[in-house]
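Heads up: the protein sequence lines correspond to chains Z and U, in order. The first sequence finishes on residue 91 if you use our numbering, and the numbering steps up by one all the way, no holes. The second sequence finishes on residue 414 if you use our numbering, and the numbering steps up by one all the way, no holes.
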Amino acid sequence: MKFQTTDRFKISNEVLSQEVNGETVLLDLEGESYFGLNEVGTRIWQLLQSEQTVAEALDTLSDEYDVSREQLESDVSDLLGKLSDAGLVSL
Amino acid sequence: MPDFFRIFDTTVCSEFPLPELPHASGQNAVLSVKLGEGDPDQFDSWGFERAFEWCAYDDRVVCWCDREGDDYLFVFPRNATFHITSENVINCFLHDGSSMQMLRHLLLNQIIPRYLATTGRLVLHASAVTLPNGRSVAFLGNSGFGKSTLVSSFHRNGAQLINDDCILLDVGKHGVTAIGGLVGIRLFPDSVNAVFNEAAGFTNYTPYTDKQQLFLKDQAGDKPPEPCVLDAMFLLNDPKEDTDNEICIEPVSGSEAMMAMIFSAFSLDPSDKKMIAGNFQNVGQAIGERLGIYSLQYPRVHERLAEVRTAVIEQVACGVTKN
Numbered sequence: 001m002k003f004q005t006t007d008r009f010k011i012s013n014e015v016l017s018q019e020v021n022g023e024t025v026l027l028d029l030e031g032e033s034y035f036g037l038n039e040v041g042t043r044i045w046q047l048l049q050s051e052q053t054v055a056e057a058l059d060t061l062s063d064e065y066d067v068s069r070e071q072l073e074s075d076v077s078d079l080l081g082k083l084s085d086a087g088l089v090s091l
Numbered sequence: 092m093p094d095f096f097r098i099f100d101t102t103v104c105s106e107f108p109l110p111e112l113p114h115a116s117g118q119n120a121v122l123s124v125k126l127g128e129g130d131p132d133q134f135d136s137w138g139f140e141r142a143f144e145w146c147a148y149d150d151r152v153v154c155w156c157d158r159e160g161d162d163y164l165f166v167f168p169r170n171a172t173f174h175i176t177s178e179n180v181i182n183c184f185l186h187d188g189s190s191m192q193m194l195r196h197l198l199l200n201q202i203i204p205r206y207l208a209t210t211g212r213l214v215l216h217a218s219a220v221t222l223p224n225g226r227s228v229a230f231l232g233n234s235g236f237g238k239s240t241l242v243s244s245f246h247r248n249g250a251q252l253i254n255d256d257c258i259l260l261d262v263g264k265h266g267v268t269a270i271g272g273l274v275g276i277r278l279f280p281d282s283v284n285a286v287f288n289e290a291a292g293f294t295n296y297t298p299y300t301d302k303q304q305l306f307l308k309d310q311a312g313d314k315p316p317e318p319c320v321l322d323a324m325f326l327l328n329d330p331k332e333d334t335d336n337e338i339c340i341e342p343v344s345g346s347e348a349m350m351a352m353i354f355s356a357f358s359l360d361p362s363d364k365k366m367i368a369g370n371f372q373n374v375g376q377a378i379g380e381r382l383g384i385y386s387l388q389y390p391r392v393h394e395r396l397a398e399v400r401t402a403v404i405e406q407v408a409c410g411v412t413k414n
């Protein structure tokens, strides 16, 4: 999906999340489906919950993980695409 | 004359005998069980709508749940219909050609666990035992994955059975407590012979399966099984998977454990969003407690059960030490 780094993603009201042992499971009540997030995905989800823009989230992640900006942008874009396709987040 | 019985954490007032359950005092009975009057077809005009169907591997519908508001109609077409009302009454209708034993089997192993889920309880399709060393463990897995054989093997070697096929989990300040319902075991004849060496006490309980049932009156007497704080939960692998004949125990991730528990949870209407959300929250709380959750892979060979027991006991000891 295409988005700007100034965009702010909104989490669907139909989504419940549970953090368990550093990972997160998302429940989409609308589609009755589940989605698992690993540790990094969990951190991205937390940033989405705090309503940060994509750029702000990338800045935060850059401070926290020893990974290149390019890699982070790719990972965040990939996850946002999957979450959006599943109807869990939208612009 | 109604009598009172105990199943899981609930006292039931029943109009007909439930010999599979221990008796209870009449205090705090929240659930009433009655024999329904008339033909179950009477519900056709009540406005119930199909909520969910359960299918066998050949796509044949084996049972279904109809709803009208907070009233449920749970139908096992060959055996019985259960009308679960919003006033916590279960009206049981026996179908022609079935038996009261079959009706009680469905009531105690299917309907009441599913009813309890509507009251916010977390009830899992799992078996549990308390080991001779006092540690309690649960085994989670689909039908046919070996839960009953495994807990039978533990029971024959000194463990106390909490429940063979269904446990209620209560999350509290001391951890996750497993509460059993029926103190009995259901096994296929090959496992009966391998684990118990003899079939004494085992009886057939339904014409639809070769499985045989044994109630452990010697363990329970007329008392409900003791609730126990769980030290570990093991997710059994699919026996069809190739295990290379190895016994392997590994920690599982939080999300994997959560998904396994959610899909093992009982509910009257699995499409009910309120119930889905409740189970989701309850499972998350349970995993957040001090409960080691592991995958257990092992060859389904009776001769290897002693090794599996040893591996489980060692893992529990190791996990408890770490905590």
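Every residue gets a Cβ at the ideal spot worked out from N, C-alpha and C, and that includes glycine. The structure displayed is predicted, hence computed values, not measured ones.
Residues of the region 45–68 of chain Z that bring their beta carbon within less than 9 Å of a beta carbon in chain U are absent altogether. In summary, the residues of the region 359–388 of chain U whose CB is separated from some CB of chain Z by less than 8 Å are Ser362, Lys364, Ile367, Ala368, Phe371, Gln372, Val374, Gly375, Ile378 and Gly379, in the order they occur in the chain. The C-alpha of aspartate 363 (chain U) is placed about 27 Å away from the C-alpha of phenylalanine 236 (chain U). In this structure, the CA atom of arginine 97 (chain U) is about 8 Å from the CA atom of glycine 272 (chain U). In chain U, no part has a C-beta under 8 Å from the C-beta of leucine 83 (chain Z); the shortest such distance is about 15 Å. As summarised for the region 235–279 of chain U, the continuous alpha helix (DSSP H) elements at least 4 residues long and confined to that stretch are 238–247, given in chain order. Just measuring C-alpha positions, the residue of U:Asp157, U:Ala291 and U:Arg381 sitting nearest tryptophan 145 (chain U) is U:Asp157. With fewer than 16 other Cβ atoms inside 10 Å of its own Cβ, tyrosine 299 (chain U) counts as exposed. For the region 320–343 of chain U, there are no residues whose beta carbon sits under 8 Å from a beta carbon of chain Z. Taking a C-beta cut-off of 8 Å against chain U, the contacting residues of the region 21–36 of chain Z are Asn21, Gly22, Glu23, Thr24, Val25, Leu27, Leu29, Glu32, Tyr34 and Gly36, listed in chain order.
Interface annotation, alanine 351 (chain U): not in contact with chain Z, CB-CB separation never under 9 Å.
Straight-line spacing of the CA atoms in phenylalanine 107 (chain U) and phenylalanine 173 (chain U) works out to 15 Å.
At a cut-off of 9 Å between C-beta atoms, glycine 188 (chain U) does not count as an interface residue with respect to chain Z. Methionine 324 (chain U) carries a strand assignment under DSSP once its states are collapsed to helix, strand and coil. Residue nearest to cysteine 339 (chain U) within the set U:Thr268, U:Leu327 and U:Ile378 is U:Leu327 (criterion: CA-CA distance). Taking a C-beta distance under 9 Å as the contact criterion, glutamine 4 (chain Z) and valine 67 (chain Z) do not qualify as a contact pair.
Here DSSP, grouped into helix, strand and coil, assigns aspartate 59 (chain Z) to helix. The Cβ of alanine 348 (chain U) sits closer than 9 Å to at least one Cβ of chain Z.
The residue from U:Val220, U:Pro280, U:Ser227 and U:Phe167 with its alpha-carbon nearest to that of aspartate 255 (chain U) is U:Val220.
Straight-line measurement puts the Cα of alanine 57 (chain Z) at about 6 Å from the Cα of leucine 47 (chain Z). Below the 7 Å Cβ cutoff, chain Z contributes no neighbours of glycine 266 (chain U), its closest Cβ being approximately 15 Å away.
Not a single C-beta of chain U is nearer than 9 Å to the C-beta of leucine 79 (chain Z). In this structure serine 74 (chain Z) is exposed. Its beta-carbon is surrounded by fewer than 16 other beta-carbon atoms within 10 angstroms. The secondary-structure analysis by DSSP pairs aspartate 28 (chain Z) across a beta bridge with Z:Val15 and Z:Ser33.
If you look at proline 342 (chain U), you'll find it in the beta strand (DSSP E) that goes 339–342. Three or more Cβ pairs closer than 8 Å define a contact, and the region 224–242 of chain U meets that threshold against the region 275–294 of chain U. Arginine 43 (chain Z): member of the alpha helix (DSSP H) spanning 39–49, first to last residue. Closest by C-alpha distance to asparagine 373 (chain U), out of U:Glu140, U:Ile353 and U:Thr176, is U:Ile353.
By the rule that beta-carbons nearer than 9 Å mark a contact, glycine 345 (chain U) touches chain Z.
Residue nearest to alanine 408 (chain U) within the set U:Val262, U:Leu382 and U:Tyr163 is U:Leu382 (criterion: CA-CA distance). Runs of the beta strand (DSSP E) spanning 3 or more residues and lying entirely within the region 129–194 of chain U occur at 140–146, 152–159, 162–167, 171–175 and 180–185, in chain order. When Cβ pairs closer than 8 Å are counted between the two stretches, the region 126–143 of chain U is seen not to touch the region 72–91 of chain Z, the count staying below three. Distance from the CA atom of glycine 41 (chain Z) to the CA atom of isoleucine 384 (chain U), rounded to whole angstroms, is 22 Å.
Not a single C-beta of chain U is nearer than 9 Å to the C-beta of asparagine 13 (chain Z). Secondary structure at asparagine 295 (chain U): strand, using DSSP grouped into helix, strand and coil.
The beta carbon of glutamate 159 (chain U) is closer than 8 Å to those of Trp137, Gly138, Phe139 and Glu140 in its chain, skipping five residues each way along the sequence.
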